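K.L.:
Got a structure for you, questions after.
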Amino acid sequence: MLNIDKVDKVYLACGVTDLRKNIDGLSMIVQTEFKLDPFEKALFVFCNRQMNKLKILHFDDGSWLYYHRLERNKFRWPMSKEEALKVSIEELRWLLKGYEVRTISKFKPVKERNYF
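Oh and the sequence shown: position 35 is 35 in full-length UniProt numbering, straight run, nothing missing.
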């Protein structure tokens with residue numbers, strides 16, 4: 001279960017990430033590309049190219065790797081690849097529910113569609 005009681009920050013790795021990477025590979029992305037410490041009390045969230053899978057890297061007395069997959073919808077993922085986007089825990093919850101997180105205008109709801 002996602003233990004976010006002691007988490008101070010949440011970072012979204014904007015753009016797409018190869019989710020075949022494990023804990024070590026994602027930690028290297030955090031260290032080399034974003035110049036952040038993967039052992040701080042933070043969640044590092046990565047998304048795949050199809051925007052239907054997430055991996056969350058978390059260090060809490062050991063490394064945790066959470067995996068979340070959508071069956072029908074897609075995440076509204078920020079695509080600028082320059083740096084990690086810092087969001088709050090509440091914004092992460094909104095993103096997991098299908099809302100869009102952006103630096104200018106946040107929380108745009110996803111339009112529900114019926115496919116027949």
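The C-beta atom is built at its ideal place from N, Cα and C for all residues, glycine as well.
Predicted model, so just to flag it, every value in this text is computed and none were measured.
Can you confirm whether the segment 4-11 touches the segment 84-98 when touching is taken to mean that 3 or more C-beta pairs between the two stretches lie within less than 8 Å?
P.N.:
Verdict: yes, contact present.
K.L.:
With distances taken between CB atoms, is the gap from Leu-19 to Asn-52 smaller than 8 Å?
P.N.:
Residue mapping note: residue 19 aligns to position 19 of the sequence shown, counting from 1. Residue mapping note: residue 52 aligns to position 52 of the sequence shown, counting from 1. For Leu-19 and Asn-52, no; Cβs fall outside 8 Å.
K.L.:
Could you work out which residue in Glu-100, Glu-91 and Lys-35 is closest to residue 127 when comparing CA atoms only?
P.N.:
Residue coverage of the chain in this structure runs from 1 to 116, which leaves residue 127 outside it and unanswerable.
K.L.:
How many angstroms separate the CA atom of Ile-104 from the CA atom of Met-28?
P.N.:
Residue mapping note: residue 104 aligns to position 104 of the sequence shown, counting from 1. Residue mapping note: residue 28 aligns to position 28 of the sequence shown, counting from 1. Because the pLDDT at Ile-104 is just 46, under 50, the model does not fix this residue reliably, and the value given afterwards should be weighed accordingly. Rounded to whole angstroms, Ile-104 to Met-28 spans 29 Å at the Cα level.
K.L.:
Beta-carbon within less than 7 Å of Val-7's beta-carbon, same chain only, minus the 5 sequence neighbours each way: which residues are those?
P.N.:
Locating residue 7 in the sequence shown gives position 7, where the first residue counts as 1. Excluding sequence neighbours, Val-7 sits near Lys-41, Ala-42, Leu-43 and Ile-89.
K.L.:
Quick test of your reading: Val-30 and Leu-36, contact by CB under 8 Å. State the CB separation rounded to the nearest angstrom.
P.N.:
Counting from 1 along the sequence shown, the entry for residue 30 is found at position 30. Counting from 1 along the sequence shown, the entry for residue 36 is found at position 36. Indeed, because the Cβ distance is near 5 Å, the residues count as touching under 8 Å.
K.L.:
Apart from the five residues just before and just after His-68, which ones in its own chain have a Cβ nearer than 6 Å to its Cβ?
P.N.:
By 1-based counting over the sequence shown, the position of residue 68 is 68. Counting only Cβ-Cβ distances below 6 Å, and skipping sequence neighbours, we find Leu-54.
K.L.:
Mind checking who Val-45 pairs with in its DSSP beta bridge?
P.N.:
Position 45 of the sequence shown holds residue 45. Bridge partners of Val-45: Leu-12 and Ile-56.
K.L.:
By a C-beta neighbour count over all protein chains shown, 10 Å radius and 16 as the cutoff for buried, is Pro-109 buried or exposed?
P.N.:
On the sequence shown, residue 109 is found 109 positions in, with the first residue counted as 1. Reliability of the predicted coordinates at Pro-109 is poor, the pLDDT of 49 falling under 50, and the value obtained from them is presented with this limitation in mind. Label assigned to Pro-109: exposed.
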